[in-house]
Amino acid sequence: MKKDKITAEPTKTLFIDILTQDVNGEDCILDLIDNSVDSYTRNEFEDSRSIKLTMNDKHFAIFDNCGGIDFETLKNDVFRFGVDVIKREKPTLGLYGIGMKRALFKIGKIIKLETDDGTTHSIVCIDIDEWKISEEWKMDIDYEKSKLNGEIPYTSISVDNLYPAIMKLFSLEPFITLIKEQIHIVYTRFISKGINISLNEVELEPFPLEVRFDKDYQPARFTETYNDVVIDIICGISPRSTKRTAYEIGHRGWNVFCNDRLILVDDISDKTGWTGKDAKLPKYHPIYNQFYGFVFLNSNNPAKLPLNTSKTGLHTTSSIYAHILDKMISTAKPVIKYLSGKYNDEKSESDTIEENIDSTIENEPESKTIIISKLKKSSVFTAPKKDVINYTTINYKKPKKIVEKVKAHMGLKSNKDVGLETFDFYVEFEGID
Numbered sequence: 006m007k008k009d010k011i012t013a014e015p016t017k018t019l020f021i022d023i024l025t026q027d028v029n030g031e032d033c034i035l036d037l038i039d040n041s042v043d044s045y046t047r048n049e050f051e052d053s054r055s056i057k058l059t060m061n062d063k064h065f066a067i068f069d070n071c072g073g074i075d076f077e078t079l080k081n082d083v084f085r086f087g088v089d090v091i092k093r094e095k096p097t098l099g100l101y102g103i104g105m106k107r108a109l110f111k112i113g114k115i116i117k118l119e120t121d122d123g124t125t126h127s128i129v130c131i132d133i134d135e136w137k138i139s140e141e142w143k144m145d146i147d148y149e150k151s152k153l154n155g156e157i158p159y160t161s162i163s164v165d166n167l168y169p170a171i172m173k174l175f176s177l178e179p180f181i182t183l184i185k186e187q188i189h190i191v192y193t194r195f196i197s198k199g200i201n202i203s204l205n206e207v208e209l210e211p212f213p214l215e216v217r218f219d220k221d222y223q224p225a226r227f228t229e230t231y232n233d234v235v236i237d238i239i240c241g242i243s244p245r246s247t248k249r250t251a252y253e254i255g256h257r258g259w260n261v262f263c264n265d266r267l268i269l270v271d272d273i274s275d276k277t278g279w280t281g282k283d284a285k286l287p288k289y290h291p292i293y294n295q296f297y298g299f300v301f302l303n304s305n306n307p308a309k310l311p312l313n314t315s316k317t318g319l320h321t322t323s324s325i326y327a328h329i330l331d332k333m334i335s336t337a338k339p340v341i342k343y344l345s346g347k348y349n350d351e352k353s354e355s356d357t358i359e360e361n362i363d364s365t366i367e368n369e370p371e372s373k374t375i376i377i378s379k380l381k382k383s384s385v386f387t388a389p390k391k392d393v394i395n396y397t398t399i400n401y402k403k404p405k406k407i408v409e410k411v412k413a414h415m416g417l418k419s420n421k422d423v424g425l426e427t428f429d430f431y432v433e434f435e436g437i438d
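Residue numbers for the sequence shown follow our numbering, beginning at 6 and rising by one.
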C-alpha cells in the first residue's frame, strides 16, 4: 500500500479573515492594552509606567514603556498564532497567543512594531496584503544594538490603512468615550498600581473600588487559595449617599476580576448565582440594587482561571468556577437577607419600587466608605438590626356608596387604600404614636 501526506497546515485566510470576525473594535483595543499590562507585570516595576493610545479614522497607535520585548521572544513567539508552552510564572492576562495578532489584523493592513528592551532595538513591518499572498509564513525583522541612552525600554505599535469599518468606528466620538470608560473601570487595579493610561492625550483615572464602611455597615470578606487560584470575595453595601439611577455602571451586582483585570461588571444574571433556584441567590430584583460584590481571582498560571479566550466572560461550567460560585453565594447571603428584610414590604409594589428605594437611600445619613484593598482579610457582614413590628389585620364593612365617595374624594384606587389612609389620618390627627 502506498503512503502519502495529508495537508493539515492552516491558511493565512483563517487568521486574517475568519478569527477576526469574532472580535469587535472594543475587544481589539483591550487586547492590545493587555499586552502592555502583561509586560508591566512580568517586569515587576515598582515605579510608574505609561501606556499611550492614539486612535482616529486614519491611524491607530499604542506605546508603552513597560520593559520592551526581548529579541528572542519577538522572533519566536510574538507573531506566532498560539503558544507551545504557557508560561506559568507571573499573574499575566495573555494565555493562548492569539489576542494581539487578532486585534492588529482586525484593525488595518499596515502594521509596524518597534521595541527596545535595553539590549536590542528591533523593528517588524508587515504589509498584510503582501504577506497574505506569500507562501512564506515568516516575517522580516530588523534589529541592532539597543539605541537607548538612559531612556526607559519601550514598545510601540502602529497600524495604518485601516479597514473601512474600523475607520468609521474610530471616528465616532461615542466609541472613543466608550473606550475611555472601559479603560477607566477594566484596568482600574493597574492604574491604581502605577500604570498611567491615556487615550488621545487624555489620562484616565482609576475607578474607585470602595464599599460602604461605617458604624452601621461593614462588608463580608472571604479569602482562600484553591487549585493554585487565590480567591478573594467581598460583599457589602454600595457606597451611595445620594440618590442615583439603578443603572450607574460599576455600583451593583457582582464585579469579577481575573489577575486584576475586570471581566464581569454589574452582573446580576444566573452566571453569578441570581437564579432563584435551589440554594443559590434569589432572582434579581430592584430591592437588591444596593448589593455590591467583588471577586478577585489571581494565579501565576492563567490557565487555571475560569476565563474565556476573549476575556469577555467566564467559563461558568468549569469545576473551579463551580467552587468559586459556591463561595460567592455563601458570602453574599447575609447581605441578601438584610436587603430582603429592609425592603420586603415594597417588593410587591413593582411600579414604585425604584422611587421608594432611592427615596429611602436619599434619606439615610451620609455613609463612609473604605477602599477594598484596606479591608481585613476576613470579616463578616454587619448591618443595623431591623426593628421588629408585630402587625395585625383590621377588617370591617361599610356601605359601598359612601366608600366610593370617600375613595373619589381622596383620589384613591382601592378599598384597601381607603382603609389605610383613613386609619393613618386618624392616628396623625389624634397624635397617637
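Here a beta-carbon is modelled for each residue, glycine too, at the ideal position from N, C-alpha and C.
Whole-angstrom distance between residue j and residue i, CA atom to CA atom
i: V3; j: T16; result: This structure cannot speak to residue 3, because the chain is shown only from 6 to 438.
i: I334; j: S274; result: 13 Å
i: I11; j: D43; result: 38 Å
i: S197; j: Y396; result: 50 Å
i: V207; j: I184; result: 12 Å
i: T280; j: K288; result: 5 Å
i: L269; j: W136; result: 37 Å
i: I292; j: N81; result: 54 Å
i: H189; j: N260; result: 14 Å
i: Q223; j: I341; result: 14 Å
i: P187; j: I34; result: Here residue 187 turns out to be Gln, not Pro, going by the sequence shown. Each residue's alpha carbon lies about 10 Å from the other.
i: N40; j: K309; result: 19 Å
i: G436; j: F428; result: 12 Å
i: D145; j: V385; result: 58 Å
i: T120; j: Y231; result: 38 Å
i: V411; j: Y431; result: 15 Å
i: K152; j: D221; result: 59 Å
i: L58; j: E140; result: 33 Å
i: P389; j: D219; result: 11 Å
i: L79; j: S127; result: 8 Å
Reduced DSSP category for residue i - H, G, I as helix; E, B as strand; rest coil
i: C240; result: strand
i: L167; result: strand
i: A308; result: helix
i: L79; result: helix
i: G436; result: coil
i: W279; result: strand
i: A66; result: strand
i: F299; result: strand
i: I71; result: What sits at residue 71 in the sequence shown is Cys, not Ile. Here C71 sits in coil by DSSP.
i: T160; result: strand
i: M6; result: coil
i: V191; result: helix
i: L174; result: helix
i: N400; result: coil
i: T250; result: Because the pLDDT at T250 is just 45, under 50, the model does not fix this residue reliably, and the point stays unresolved.
i: S383; result: coil
i: K198; result: helix
Buried/exposed call for residue i, threshold 16 Cβ in 10 Å
i: A337; result: buried
i: S419; result: exposed
i: S364; result: With a pLDDT of 49 at S364, under the threshold of 50, the modelled position of that residue is not reliable, and the figure given next carries that caveat. With fewer than 16 other Cβ atoms within 10 Å, it is exposed.
i: R217; result: buried
i: N154; result: exposed
i: L302; result: buried
i: A284; result: exposed
i: Q295; result: buried
i: P244; result: buried
i: M105; result: buried
i: T25; result: buried
i: K282; result: exposed
i: F434; result: exposed
Residue nearest to residue i in terms of C-alpha spacing, selected from the options
i: G199; options: C33, T46 and V385; result: T46
i: P213; options: K114, I341, T317 and I377; result: I377
i: M415; options: L344, E426 and K406; result: E426
i: T97; options: S127, M144 and D36; result: D36
i: T398; options: G424, K412, T387 and G241; result: G424
i: L312; options: K276, D272, Y297 and C263; result: C263
i: L267; options: G298, H290, K282 and E51; result: G298
i: T194; options: P211, I202, L204 and N205; result: The sequence given here places Arg at residue 194; Thr does not occur at that position. For R194, the nearest C-alpha among the options comes from P211.
i: I162; options: T124, M172 and L118; result: L118
i: C71; options: V83, I56 and E77; result: I56
i: F68; options: K403, S203, H290 and I254; result: S203
i: R226; options: H320, T160, V191 and V300; result: V300
- Segment contact flag, the region 127-135 with the region 109-116, C-beta cutoff 8 Å, min 3 pairs: Three or more Cβ pairs closer than 8 Å define a contact, and the region 127-135 meets that threshold against the region 109-116.
- Would you be able to state if there are at least three C-beta pairs under 8 Å between the region 152-167 and the region 59-66? As far as the Cβ criterion goes, the region 59-66 touches the region 152-167, which means the pair count is three or higher.
- Message: Tell me whether the region 103-111 and the region 18-34 touch, counting them as touching only if at least three CB pairs, one residue from each stretch, are closer than 8 Å.
- Response: Yes, they touch.
- Message: For the region 144-162 against the region 172-183, do three or more pairs of beta-carbon atoms, one drawn from each stretch, fall closer than 8 Å, so that the two count as touching?
- Response: When C-beta atoms of the region 144-162 are compared with those of the region 172-183, fewer than three pairs fall below 8 Å, so the two segments do not count as touching.
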